[in-house]
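Sequential numbering from 1 applies to the sequence shown in the UniProt record's numbering. For each residue, glycine too, the CB sits at the ideal point set by N, CA and C. Below is one structure, written out as structure tokens, with a few remarks after it.
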Amino acid sequence: MYDEKGQRYLDCINNVAHVGHCHPDVVKAGAQQMEQLNTNSRFLHDNLVLYAQKLQATLPSKLSVCYFVNSGSEANDLALRLAWQYTGHKDIITLENAYHGHVSSLIDISPYKFHQLSDAEHNPSVHVAPSPDVYRGKYRADHPDPATAYADEVKNIIEKVDKKGAAIRRSTCCTGAKHVREAGGVFIADEVQVGFGRVGSHFWAFQLQGDDFVPDIVTMGKPIGNGHPMSCVVTTTEVAEAFMSTGMEYFNTFGGNPVSCAIGLAVLDVIVKDDLQGNAVRVGRYLVSQLEKQKEKHSLIGDIRGCGLFVGVELVRDRVKLTPAAAEAQEVIYKLKEQHILLSADGPHRNVLKFKPPMCFSAEDVDEVVQKIDHILTELEDALGLKLHSVSDKENEGGKRKVGVTTASCLMQSDEKKCKCFPTFSSALNIIFNSFS
Ligand code: PMP
1 MYDEKGQRYL DCINNVAHVG HCHPDVVKAG AQQMEQLNTN SRFLHDNLVL YAQKLQATLP
61 SKLSVCYFVN SGSEANDLAL RLAWQYTGHK DIITLENAYH GHVSSLIDIS PYKFHQLSDA
121 EHNPSVHVAP SPDVYRGKYR ADHPDPATAY ADEVKNIIEK VDKKGAAIRR STCCTGAKHV
181 REAGGVFIAD EVQVGFGRVG SHFWAFQLQG DDFVPDIVTM GKPIGNGHPM SCVVTTTEVA
241 EAFMSTGMEY FNTFGGNPVS CAIGLAVLDV IVKDDLQGNA VRVGRYLVSQ LEKQKEKHSL
301 IGDIRGCGLF VGVELVRDRV KLTPAAAEAQ EVIYKLKEQH ILLSADGPHR NVLKFKPPMC
361 FSAEDVDEVV QKIDHILTEL EDALGLKLHS VSDKENEGGK RKVGVTTASC LMQSDEKKCK
421 CFPTFSSALN IIFNSFS
């Protein structure tokens with residue numbers, strides 16, 4: 001990115017400019033279609049059909065009905081309507097710290113936002129399951145079976161509610177899905193942040209859970225149009241038919257317009273042409289390995305987790321007490337900005353440095369940002385008198401390292417089986433997914 005004076009910035013934030021800012025193919029596709037036609041005639045335009053076909057080819061065959069909308073919020077709101085209609089129930093299970101959109105139906109299921117509401121304003125049909133975070137969550141790495149423990153939390157909610165319910169969750173946490181389905185609920189995978197190859201090893205983050213796992217509804221947004229307002233809900237024929245049976249026709253003026261679909265098609269083409277999914281595997285792996293080296297040096301780095309080009313670095317003042325280093329994270333962000341690097345901090349404590357750069361991020365970009373983080377952390381730790389040598393730090397490190405190494409090697413080898421069965425992986429992703437911009 002460049003500012004108004006032409007100063008170059010390295011963008012580590014922008015998961016919307018998925019294939020790169022102003023990618024010429026995307027710009028061209030949009031401009032050409034704008035020159036020709038952009039309208040809503042209520043008849044099908046070829047671009048819409050072509051886009052739906054191309055998108056569907058990336059998904060399990062059961063997910064075959066597409067609804068085109070204009071933002072992640074609209075997609076999730078429609079997903080709720082589909083789920084409510086199909087199940088006949090209104091209960092929703094969501095994860096603590098989750099964010100699913102800005103409209104009222106979604107603020108209700110977004111603990112990231114609704115903790116600011118009064119008790120009276122809380123929707124009684126919304127149930128919050130703990131985020132499967134084995135670093136600072138309810139069940140941690142020292143728990144004998146955190147995956148089952150977190151899934152059982154979902155089961156307990158269902159038993160308490162004693163009704164059939166829908167569940168909206170982010171795509172990386174599927175252990176509770178079995179219980180939701182057994183109760184007649186549906187599983188909504190919100191891929192708004194993590195879809196379109198960002199996790200590297202797979203095109204969709206829910207696929208990290210294995211080929212046999214297919215959500216009932218998938219919502220997409222942000223990267224789908226590389227910045228152009230476009231989004232999509234994809235579901236099964238069963239869910240779509242139940243929705244249609246209400247007789248309420250679904251209509252959306254801008255959703256699926258020819259320009260948006262031309263842009264969406266160009267984005268899908270560029271992902272393949274520029275091998276951006278492969279790049280996410282390679283550069284993401286390199287980023288994690290370089291950050292792991294920093295963790296050896298800097299006591300402020302408590303945990304590194306992620307997948308592909310979606311990586312979080314959790315800063316803590318104390319590796320034993322896990323005291324969130326929120327002010328320090330802000331300091332890193334501001335110092336980086338002074339040095340023309342854009343990065344954001346997020347998570348419930350705002351102490352997680354969150355990497356979600358455009359997918360063309362390179363190894364050289366990794367070197368640039370990691371080197372600068374190294375300098376900033378060195379200065380910060382000197383100023384704070386923080387060192388990595390206390391006995392308790394080492395002991396804790398010893399205990400954690402086993403887990404850390406498993407997690408890291410799981411990421412680095414892109415070993416799907418390990419990723420699937422080792423709970424740290426999905427839970428690690430969740431804590432960084434819990435905060436959005
Ligand atoms: N779901 C997730 C996971 C998101 O990150 C966001 C946006 N931050 C949304 C939904 C809402 O998308 P939008 O801002 O396009 O309405």
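- Annotation for residue 105: 77 and 80 place their beta carbon closer than 6 Å to its own, counting only its chain and skipping 5 residues before and after.
- DSSP places residue 9 in the coil class of the three-state scheme, outside both helix and strand.
- Annotation for residue 273: the continuous alpha helix (DSSP H) segment containing it runs 258–273.
- In this structure, 44 is the residue among 20, 3 and 44 with its C-alpha nearest to the C-alpha of residue 254.
- A Cβ closer than 5 Å to some heavy atom of the ligand PMP marks a residue here, and those residues are 71, 72, 73, 100, 101, 190, 192, 193, 221 and 436.
- Segment contact: the segment 106–120 against the segment 206–221, fewer than three CB-CB distances shorter than 8 Å; contact not assigned.
- For residue 384, the secondary structure class from DSSP, reduced to helix, strand or coil, is helix.
- With a contact defined as Cβ atoms closer than 8 Å, residue 82 and residue 239 qualify at about 5 Å.
- Note that the C-beta distance between residue 176 and residue 153 is below 9 Å.
- Going by DSSP, residue 179 is part of no beta strand (DSSP E) but of the alpha helix (DSSP H) stretching over 177–182.
- In this structure, residue 281 sits away from residue 362, with a CB-CB distance that is not shorter than 9 Å.
- It is roughly 12 Å from the alpha-carbon of residue 298 to the alpha-carbon of residue 313.
- Going by C-alpha positions, residue 345 is about 44 Å away from residue 246.
- Inter-residue distance for residue 161 and residue 330 is about 40 Å (C-alpha atoms, whole angstroms).
- Collapsing the DSSP output to three states places residue 278 in a helix.
- The count of Cβ pairs closer than 8 Å, one atom from the segment 291–306 and one from the segment 55–74, stays below three, leaving the stretches out of contact.
- Residue 387 counts as exposed, since fewer than 16 other C-beta atoms from the protein chains shown sit within 10 angstroms of its C-beta.
- Residue 262 and residue 365 have their C-alpha atoms roughly 30 Å apart.
- Between residue 180 and residue 93, the beta carbon gap of about 7 Å places them in contact (Cβ cut-off 8 Å).
- With respect to the 9 Å criterion, residue 309 and residue 198 are classified as neighbours on the basis of their beta carbons.
- Note: residue 127 is bridge-paired with 93 in the DSSP secondary-structure output.
- In the three-state scheme derived from DSSP, where H, G and I count as helix and E and B as strand, residue 314 is classed as strand.
- Linking residue 191 to residue 323 through their CA atoms gives a straight-line distance of about 30 Å.
- Taken atom to atom, the span from the alpha-carbon of residue 127 to that of residue 113 is near 15 Å.
- Going by DSSP, residue 27 is part of no beta strand (DSSP E) but of the alpha helix (DSSP H) stretching over 24–36.
- Proximity to residue 157 across 241, 95, 206 and 100 peaks at 95, based on C-alpha coordinates.
- Close CB contacts of residue 32 within its chain, under the 8 Å cut and outside five residues either way in sequence, are with 262 (chain order).
- Contact between the segment 16–23 and the segment 345–359 is present, with at least three C-beta pairs closer than 8 Å.
- With 16 or more other CB atoms across the displayed protein chains lying within 10 angstroms of its CB, residue 146 is buried.
- Of the residues assessed, residue 222 falls on the buried side of the cut-off, its CB having 16 or more other CB atoms within 10 angstroms.
- Beyond the five residues adjoining it in sequence on each side, residue 11 comes within less than 8 Å, by CB distance, of 1, 17, 21, 342, 357 and 358 in the same chain, given in chain order.
- Counting along the chain, residue 220 sits inside no alpha helix (DSSP H); it lies in the beta strand (DSSP E) bounded by residues 217–220.
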